[in-house]
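*Asks:* As they're listed, the protein sequences go chains D and X. If you want my numbering, it's the 1-based position in the first sequence plus 2. If you want my numbering, it's the 1-based position in the second sequence plus 2. Positions of the beta carbon are idealized from the N, C-alpha and C atoms, including for glycine. Predicted, not measured: the structure shown is a model, and the values here were computed from it. The structure under discussion is supplied below as structure tokens; questions concerning it will follow.
Number of protein chains: 2
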Amino acid sequence: MQTSDIIGYIAAVLTTTAFVPQAWMTWRCKRAEGVSLSMYVIFIGGILMWLTYGILLSAWPVIIANIVTLMLASFILAMKLIYK
Amino acid sequence: MQTSDIIGYIAAVLTTTAFVPQAWMTWRCKRAEGVSLSMYVIFIGGILMWLTYGILLSAWPVIIANIVTLMLASFILAMKLIYK
């Protein structure tokens with residue numbers, strides 16, 4: 003595996019797991035007023051496009067990372083819609 | 003340009019611009035209590051890795067998208083540290 007691949011995988015793990023503390027915080031506090039609705043709507047749109055990109059290129063790390071991010075971002079969006 | 007490239011560019015634009023409404027909301031409200039500090043610390047670490055990945059591969063769309071995201075995420079992190 004090349005150095006760039008390793009850095010790419012670390013990058014994917016970090017930008018995916020970053021959403022875990024936000025999801026946890028929103029769930030725990032049952033409040034989401036500080037979270038931007040527009041951000042998560044646009045972001046989920048972007049993640050769906052990255053997922054399509056990964057599928058078209060059969061790039062499994064891109065597919066897996068974006069499925070996980072999609073789940074986390076959708077969870078935060080749902081909390082935002084429920085708790086306002 | 004291939005279809006996958008076009009989808010990749012759209013994905014990059016969406017996941018980058020998604021942070022604009024969050025940055026604007028945090029700035030306007032002068033409050034960041036609903037934003038997770040851990041999320042932005044981990045996320046910025048990931049973006050720096052994506053930037054390194056882009057530089058290693060001389061992939062300009064990756065470099066440009068991540069410089070913009072880095073600026074927006076750093077701005078949100080700074081607001082979080084200032085306004086708590």
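I want to verify the contact list: residues of chain D whose CB lies under 8 Å from the CB of Val37 (chain X), in sequence order.
*Replies:* Looking up residue 37 (chain X) in the second sequence gives position 35. Chain D residues near Val37 (chain X): Gln24, Gly36 and Val37.
*Asks:* What whole-angstrom Cβ distance do Ile69 (chain X) and Ala20 (chain D) have, given they're in contact under 8 Å?
*Replies:* For the purposes of this step, residue 69 (chain X) is identified with residue 67 of the second sequence, where counting begins at 1. For the purposes of this step, residue 20 (chain D) is identified with residue 18 of the first sequence, where counting begins at 1. Going by Cβ atoms, the distance from Ile69 (chain X) to Ala20 (chain D) rounds to 18 Å, so no, they are not a contact pair.
*Asks:* What does a CB cutoff of less than 7 Å around Met81 (chain D) pick up in its chain, not counting 5 residues either side in sequence?
*Replies:* Here the question's residue 81 (chain D) lines up with position 79 in the first sequence. Counting only Cβ-Cβ distances below 7 Å, and skipping sequence neighbours, we find Thr28, Trp29 and Ala34.
*Asks:* Could you say if the region 9-17 of chain X and the region 49-67 of chain D meet the contact criterion of at least three C-beta pairs nearer than 8 Å?
*Replies:* Touching, yes, given that three or more Cβ pairs across the two stretches are closer than 8 Å.
*Asks:* Grouping DSSP H, G and I as helix and E and B as strand, with all else coil, what is Leu59 (chain D)?
*Replies:* Along the first sequence, one-based indexing puts residue 59 (chain D) at 57. Of the three classes helix, strand and coil, the one that applies to Leu59 (chain D) here is coil, per DSSP.
*Asks:* Return the CA-CA distance between Ser38 (chain D) and Gln24 (chain D), expressed in angstroms with no decimal places.
*Replies:* Numbered from 1 along the first sequence, position 36 holds the residue referred to as residue 38 (chain D). Numbered from 1 along the first sequence, position 22 holds the residue referred to as residue 24 (chain D). Rounded to the nearest angstrom, the two C-alpha atoms are 12 Å apart.
*Asks:* Ser60 (chain X) versus chain D: which residues are under 7 Å apart at the beta carbon?
*Replies:* In the second sequence, counting from the first residue as 1, residue 60 (chain X) sits at position 58. Simply none; closest approach about 10 Å.
*Asks:* Note down, in chain order, all residues in the region 60-82 of chain X with a beta-carbon under 7 Å from any beta-carbon belonging to chain D.
*Replies:* Listed in sequence order: no entries.
*Asks:* What residue does the alpha helix (DSSP H) around Pro10 (chain D) start on, and which one ends it?
*Replies:* Taking the first sequence and counting its residues from 1, one reaches residue 10 (chain D) at position 8. It is Gly, not Pro, that sits at residue 10 (chain D) in the sequence shown. That run of the alpha helix (DSSP H) goes Thr5 to Thr19.
*Asks:* So that I know if they touch, is there some Cβ in chain D lying closer than 8 Å to that of Ile84 (chain X)?
*Replies:* Counting from 1 along the second sequence, the entry for residue 84 (chain X) is found at position 82. Taking Cβ atoms only, chain D never reaches closer than 8 Å to Ile84 (chain X), which makes this a no.
*Asks:* Name the chain D residues whose beta carbon is nearer than 8 Å to that of Arg33 (chain X)?
*Replies:* Position 31 of the second sequence holds residue 33 (chain X). Those are Gly36, listed as they occur along chain D.
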